[in-house]
Amino acid sequence: MKTLKKLLKFVAPYWFLILVVIVIMLMVTGINLLVPRITKIIIDDVIPSGARSDLILMALAVLGLAAISGGLTFLQRYTMEYVAQKTIYLIRNSLYDALQRLPFSFYDSAQTGELMSRVTGDVERLRRFFGFGIMRLITSIVTFLGVLVLMLNMHWKLTLLSFVVTPFMLYVILQFSRKVRPAYFEVQQQLANLTAVLQENLTGIRVVQSFVQEEKEIEKFKLENEAYLKRNITAIRLNAFYSPLLNFLIGSGVVVILWYGSREVVANRLTVGELVAFNSYLMMLLTPLRFLSNIINMYQQAIACGDRIFEILERPSEITNASDAIEIEKANGYVRFEDVWFSYDKENFVLKGLNINAEPGEKIAILGATGSGKSSVINLIPRFYDPMKGRITLDGMDLKKIDLTSLRRNIGMVSQDIFLFSTTIRENIAYGRQNATFEEIVNASKAARAHDFIMALPKGYDTLIGERGVGLSGGQRQRIAIARALLMDPTILILDESTSSVDVETERQIQEALEILMEGRTSFIIAQRLSTVRNADKILVLADGTIAEQGTHTSLLEQDGVYKEIYESQFRLQEMALEINGEGRDV
């Protein structure tokens with residue numbers, strides 16, 4: 164019931180339309196209850212009298228009531244489906260909004276396909292429940308009560324006798340309810356697993372084919388699909404068993420009524436018309452009980468889906484604005500790490516007592532072995548994560564006291580894994596500044612050394628690019644990402660230099676673009692190029708989550724320590740190539 168109450172809050176804005184639907188339901192139920200009464204009159208009065216005109220009149224009355232009932236039913240279903248669609252629209256928007264705001268820590272373990280299943284499959288099942296299940300539930304309750312009153316008024320003994328099968332029906336329905344909810348929850352969970360495998364395969368199809376692992380992936384999908392099939396069959400078997408059982412109980416009730424009712428007719432305590440009408444009312448009485456199993460089925464599916472959806476909607480975000488958070492316009496760019504400790508799992512620290520001072524406009528190069536904490540440092544600055552201990556400040560203010568949106572607007576990022584959207588180049592560059600003019604986009608592209616290759620494309624800036632930038636080279640994607648960061652004009656720049664191999668000319672253009680991008684900005688760079696560490700104002704060498712060494716390129720070489728080892732293993736070849744080429748740039 165807790166989940167249902169939370170779901171019904173999304174329906175609350177449309178209470179008036181639901182009230183209209185209930186009124187229409189009452190009218191339709193009233194009309195349907197009249198038909199057996201008219202049938203009774205035809206059998207007991209009209210047929211024995213032989214009045215043909217009365218028979219025609221009664222037939223027309225039945226046809227008229229059927230037409231009115233049909234029109235009202237259409238209006239009822241359309242209105243309820245409209246409410247369902249509007250409700251699902253709100254739920255889907257809320258779910259997507261929650262996904263946009265959940266922190267990186269959530270996505271560290273979440274599977275994309277599983278999340279897609281919740282946004283699509285789970286939400287669709289909720290729509291069916293809101294559009295049909297609730298309507299059927301209300302109709303069943305109203306019909307049951309209305310029929311019960313009429314039957315008691317017609318023949319109370321026969322009515323009580325008709326309830327002989329009711330306890331058995333309720334027992335069967337309760338057993339069905341108890342078993343079907345776990346079954347459908349497992350169906351939904353397995354569908355999410357299946358979707359996750361599919362999404363991961365489609366995203367990594369180039370890797371799959373490159374390593375000739377198609378058969379392995381086919382087998383993996385087959386196993387998940389088979390598990391989904393088995394769970395569906397289990398749920399279907401429950402339906403297939405309980406539905407005929409309910410039909411048998413309903414049939415048993417009809418037999419009892421016909422047996423006892425026939426005796427009452429023979430004893431002249433009941434007319435034939437009343438028996439036929441009573442039997443019709445009995446079917447109307449028991450049908451809601453029969454539909455109750457279907458309603459419970461839909462309800463259990465909806466609750467299972469609702470539980471999965473509220474896992475996301477109600478998940479607290481560790482990264483939130485403080486109640487007294489302050490919006491900043493243009494930061495100066497003075498960044499400090501003060502005794503910062505950080506852990507992804509709250510047990511194993513990847514940063515241990517880190518202290519960093521970055522003056523406005525300084526270039527900070529970060530080096531270290533894999534797992535030394537380089538990525539953790541740059542992920543803390545935009546508050547993708549928060550430190551466990553210590554604090555990080557911007558211009559003397561704790562990042563937690565700064566409005567998150569305004570903080571991130573002051574930070575530009577160019578990651579190693581460049582992500583571009585499946586839209587035009589113009590929209591990709593302007594992603595961080597939707598109101599940028601075309602002239603500003605072009606100027607940013609020229610500064611990023613991207614304008615020339617963009618103009619060589621079929622539609623220039625309006626060229627559509629494939630998913631994740633497929634169709635562009637690695638160097639082109641990187642320069643578009645640099646243009647995107649330039650257009651934001653951030654105070655702080657976070658750069659994870661790409662290690663991908665590019666030709667000499669592309670490397671030169673990228674390096675020129677990066678120099679323009681870093682000019683006048685406080686820059687944190689996970690360095691891969693010799694020119695970056697040479698030109699850095701400060702180099703931080705991380706080891707096991709701490710700063711092993713820091714200083715300039717020259718001073719660190721003189722120390723003959725960790726940096727010297729990194730230099731000899733990573734940068735010596737770059738320097739030799741530079742000397743051979745006789746040029747003042749990396750190759």
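The working numbering applies: residue 164 is where the sequence shown begins, and numbers increase by one. For each residue, glycine too, the CB sits at the ideal point set by N, CA and C.
Exercise. Where are the beta strand (DSSP E) runs, 3 residues long or more, that stay fully inside the stretch 667-731, in chain order?
Worked result: 685-689, 701-706, 709-714
For this session: State the Cα-Cα distance for the pair Val503 and Ala706, rounded to the nearest angstrom.
Result: 15 Å
Exercise. Relative to the alpha-carbon of Thr709, which residue among Gly436, Ile645, Lys515 has its alpha-carbon at the smallest distance?
Worked result: Lys515
For this session: With a threshold of 16 other CB atoms inside 10 Å of the CB of Phe441, please say whether the residue is buried or exposed.
Result: buried
Exercise. To the nearest angstrom, how far is it from the Cα of Leu557 to the Cα of Pro550?
Worked result: 15 Å
Problem set entry | Cα-Cα separation, Ala346 to Leu401 | 9 Å
Problem set entry | Alpha-carbon to alpha-carbon, Ser325 and Ile231 | 30 Å
Problem set entry | Under 9 Å between C-beta atoms of Asn217 and Asp208 | First, the residue type needs correcting, since residue 217 is Asp and not Asn in the sequence shown. In this structure, Asp208 lies closer than 9 Å to Asp217 by Cβ.
For this session: Classify Met551 as helix, strand or coil using the three-state DSSP reduction.
Result: coil
Exercise. Hey, is Met560's beta-carbon within less than 9 Å of any beta-carbon in chain B?
Worked result: Note that chain B does not occur in the displayed structure, where there is just one protein chain.
Exercise. Residues in its own chain within less than 6 Å of Asn356 by CB, not counting five upstream and five downstream?
Worked result: Glu387
Exercise. Near Ser480, which residues of its chain fall below 7 Å by C-beta distance, leaving aside the five closest residues on each side in sequence?
Worked result: Arg264, Leu265, Pro266
Exercise. Do Val577 and Leu658 have their CB atoms nearer than 9 Å?
Worked result: yes
Exercise. Roughly how far, in whole angstroms, is the beta-carbon of Ala607 from the beta-carbon of Ala646, given that I think they are within contact range, below 8 Å?
Worked result: 5 Å
For this session: Tell me whether Arg432 is buried or exposed, calling it buried when 16 or more other Cβ atoms sit within 10 Å of its Cβ.
Result: exposed
Problem set entry | For Leu171, three-class secondary structure by DSSP | helix
For this session: Quick one: measure Cβ to Cβ for Gln351 and Asp260, integer angstroms, because I've assumed they're closer than 8 Å.
Result: Their Cβ separation, rounded to whole angstroms, is 22 Å, which puts Gln351 and Asp260 out of contact at 8 Å.
Problem set entry | Same chain, Cβ closer than 7 Å to Thr695, five either side skipped, listed in chain order | Ala528, Glu660, Ile688
For this session: Compare the beta carbon distance of Leu562 and Arg572 with 9 Å and say whether it is the shorter of the two.
Result: no
Exercise. Cβ of Ala648 within 9 Å of Cβ of Gly595?
Worked result: yes
For this session: Count the other C-beta atoms from every protein chain shown that fall within 10 angstroms of the C-beta of Trp178, then say buried if there are 16 or more, exposed otherwise.
Result: exposed
Exercise. For the putative contact between Gly638 and Ile673, defined by C-beta atoms under 8 Å, what is the C-beta separation to the nearest angstrom?
Worked result: 6 Å
Exercise. Can the beta-carbon of Pro523 be found closer than 9 Å to that of Asn495?
Worked result: yes
For this session: Report, in whole angstroms, the separation of the C-beta atoms of Pro451 and Thr306, which I expect to be a contact under 8 Å.
Result: 6 Å
For this session: Let me know the alpha helix (DSSP H) ranges lying completely inside the stretch 547-604, each 4 residues or longer, listed in chain order.
Result: 567-572, 588-592
Exercise. In this structure, does DSSP put Arg499 in helix, strand or coil?
Worked result: strand
Problem set entry | Selection from Ser538, Ala273, Met461 that minimises the alpha carbon distance to Glu474 | Ala273
Problem set entry | Closest by C-alpha distance to Thr587, when choosing among Gln597, Gly309, Asp625, Leu620 | Asp625
Exercise. Rounded C-beta distance between Ile519 and Arg499? I'm assuming under 8 Å.
Worked result: 7 Å
Exercise. In this structure, what does DSSP give as the bridge partners for Lys526?
Worked result: Ser686
Exercise. Is the beta carbon of Gly296 less than 9 Å from the beta carbon of Ala465?
Worked result: yes
Exercise. From what residue to what residue does the beta strand (DSSP E) around Asn518 run?
Worked result: 512-521
Problem set entry | Sub-9 Å separation of Ser257 and Leu455 beta-carbons | no
Exercise. In its own chain, which residues sit with a C-beta less than 6 Å from the C-beta of Thr358, not counting the 5 before and 5 after it?
Worked result: Gly276, Met279, Ser280
Exercise. Nearest to Ser268 by alpha carbon, out of Leu693, Met221, Phe505, Leu445?
Worked result: Phe505
For this session: Give, in chain order, every unbroken run of the alpha helix (DSSP H) that is at least 4 residues long and sits entirely within the stretch 344-430.
Result: 368-373, 377-429
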